[in-house]
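In our numbering, each residue's number is its place in the sequence shown (first place is 1) plus 496. Reading through the structure tokens given below for one structure.
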Amino acid sequence: MNSQSELDRINRVAWNSRDAERVLTADKIFSDAGEKAAFEWLAPRCAAAPLLDIGIGTGRTIAPMLAISNDYTGVDYTPKLLEMAKSRYPGCDLRHMDARDMSELPSDHYGLAAFSWNGIDCVDYDDRVKILEEMCRVVRPGGYVLFSSHNRGGPGYRENIWQLLPQFTFNPLRLGWRTLRSLRRFQLGTLNYVRNVKLNRDYGGYAVKTAAAHNFGIVIVYTTLGEQRRQLAQIGLQCDVVFGSSDGNPIADDVEDSDAWWFHFIAHKPLAAYRFDQENGHARPGTST
Ligand SMILES: C[S@@+](CC[C@H](N)C(=O)[O-])C[C@H]1O[C@@H](n2cnc3c(N)ncnc32)[C@H](O)[C@@H]1O
């Protein structure tokens, strides 16, 4: 087994953990200020259009997506999380599907295909390209792709095992409580960290690293603004706007470095290239608008 399929195997274990269930059922609408800004940017542009929600987990994004359009389809490859989403939203079209192969879904159909809360970071680089190509295929010409991705230059990339230790306080009762609470996390986190750290690699434009989430139980891709913009252009998607997670402000096109924890990328499938390819008998996106 190579390190890339190993990454997928590790992350699938994490999605089935109690910790993932706890985090994904926390009562919040938006993951961060950047996601809120991204939804506000997209809402008037995608109103009433067919929407595809990828990697829905327990269904956090279903309500904000339905606020944009009732024509909604959600997919996830983790049966346990999908079942939880189904029981929360019994009337919704929710399907078991791997984002790397969405051949069950039509091409050139959706006004928006979204993969939220850094779900796309949980597959290796080649699979990330496959997912973005699939998202590009299923959106209609002019349709949007939205996804978030961890920042290779952000605070999350610098997280390490020591943060599992209890935060110091002069209050002995509070310190005792924090120490007790951290004991189990430290044990499990250390085991996961030691097992997963061997997969850490820095490729320059992006990196693969074990992340603190789920007690260092996941290994994810961290990207840079430059690399992600390049990858989108290579796939034939035109980047419209990038929002940083921390303050929800758009990041200017010429900015290369940011201290955001992660980014929300919005890109669209060009119209003209679609027409050109139609003439040639291929419904394939190109690079012009
Ligand atoms: C961080 S969770 C986010 C869940 C949800 N989108 C949210 O924001 O609450 C990532 C989700 O992506 C799903 N996922 C990861 N890789 C996937 C893939 N290749 N195909 C479909 N779902 C995937 C996982 O099962 C998990 O539910």
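Note that the Cβ used here is the ideal one computed from N, Cα and C, for glycine as well. Just so it is clear, the structure is predicted and the values come from calculations on it, not from any experiment.
Inter-residue spacing [alpha-carbon to alpha-carbon] between residue i and residue j
{"i": "residue 667", "j": "residue 715", "result": "35 Å"}
{"i": "residue 549", "j": "residue 516", "result": "19 Å"}
{"i": "residue 632", "j": "residue 730", "result": "12 Å"}
{"i": "residue 661", "j": "residue 688", "result": "15 Å"}
{"i": "residue 795", "j": "residue 768", "result": "With the chain covering only 497 through 785, there is no way to say anything about residue 795."}
{"i": "residue 601", "j": "residue 732", "result": "20 Å"}
{"i": "residue 711", "j": "residue 656", "result": "11 Å"}
{"i": "residue 523", "j": "residue 541", "result": "27 Å"}
{"i": "residue 643", "j": "residue 578", "result": "19 Å"}
{"i": "residue 591", "j": "residue 676", "result": "41 Å"}
{"i": "residue 699", "j": "residue 706", "result": "15 Å"}
Simplified DSSP state of residue i, which is helix, strand or coil
{"i": "residue 618", "result": "helix"}
{"i": "residue 559", "result": "helix"}
{"i": "residue 605", "result": "coil"}
{"i": "residue 637", "result": "strand"}
{"i": "residue 588", "result": "coil"}
{"i": "residue 781", "result": "Only weak support is given to the placement of residue 781: the predicted model assigns it a pLDDT of 45, under 50, and the value that follows is read from those uncertain coordinates. Correct three-state label for residue 781: coil."}
{"i": "residue 703", "result": "strand"}
{"i": "residue 762", "result": "strand"}
{"i": "residue 648", "result": "coil"}
{"i": "residue 522", "result": "coil"}
{"i": "residue 498", "result": "The pLDDT assigned to residue 498 is 48, lower than 50, so where the model puts this residue is not dependable, and the model offers no usable value."}
{"i": "residue 664", "result": "coil"}
{"i": "residue 564", "result": "coil"}
{"i": "residue 746", "result": "strand"}
Cβ-based neighbour list, residue i, same chain, cut-off 6 Å, excluding 5 preceding and 5 following
{"i": "residue 735", "result": "725, 728, 763"}
{"i": "residue 585", "result": "555, 558"}
{"i": "residue 569", "result": "548, 589"}
{"i": "residue 697", "result": "704"}
{"i": "residue 738", "result": "747, 759, 761"}
{"i": "residue 623", "result": "596"}
{"i": "residue 561", "result": "547, 549, 568"}
{"i": "residue 535", "result": "560"}
From the options, residue whose alpha carbon lies closest to that of residue i
{"i": "residue 555", "options": "520, 587, 686", "result": "520"}
{"i": "residue 639", "options": "696, 609, 703", "result": "609"}
{"i": "residue 545", "options": "569, 518, 606", "result": "606"}
{"i": "residue 650", "options": "525, 759, 538", "result": "759"}
{"i": "residue 752", "options": "702, 743, 720, 737", "result": "720"}
{"i": "residue 518", "options": "576, 686, 741, 643", "result": "576"}
Neighbourhood of residue i by C-beta distance below 7 Å, restricted to the same chain and skipping five residues each side
{"i": "residue 785", "result": "Interpretation of residue 785 is limited by its pLDDT of 46, a score under 50 that renders its predicted location unreliable; no figure is taken from the coordinates."}
{"i": "residue 510", "result": "516, 710, 713, 714"}
Neighbourhood of residue i by C-beta distance below 8 Å, restricted to the same chain and skipping five residues each side
{"i": "residue 665", "result": "671, 674"}
{"i": "residue 498", "result": "For residue 498, the predicted model reports a pLDDT of 48, less than 50, meaning its position is unreliable; a value from the coordinates is still stated below. Once the five neighbours on either side are set aside, residue 498 has no close Cβ partner at all."}
{"i": "residue 678", "result": "660, 661, 662"}
{"i": "residue 754", "result": "647, 649, 650, 721, 740, 747"}
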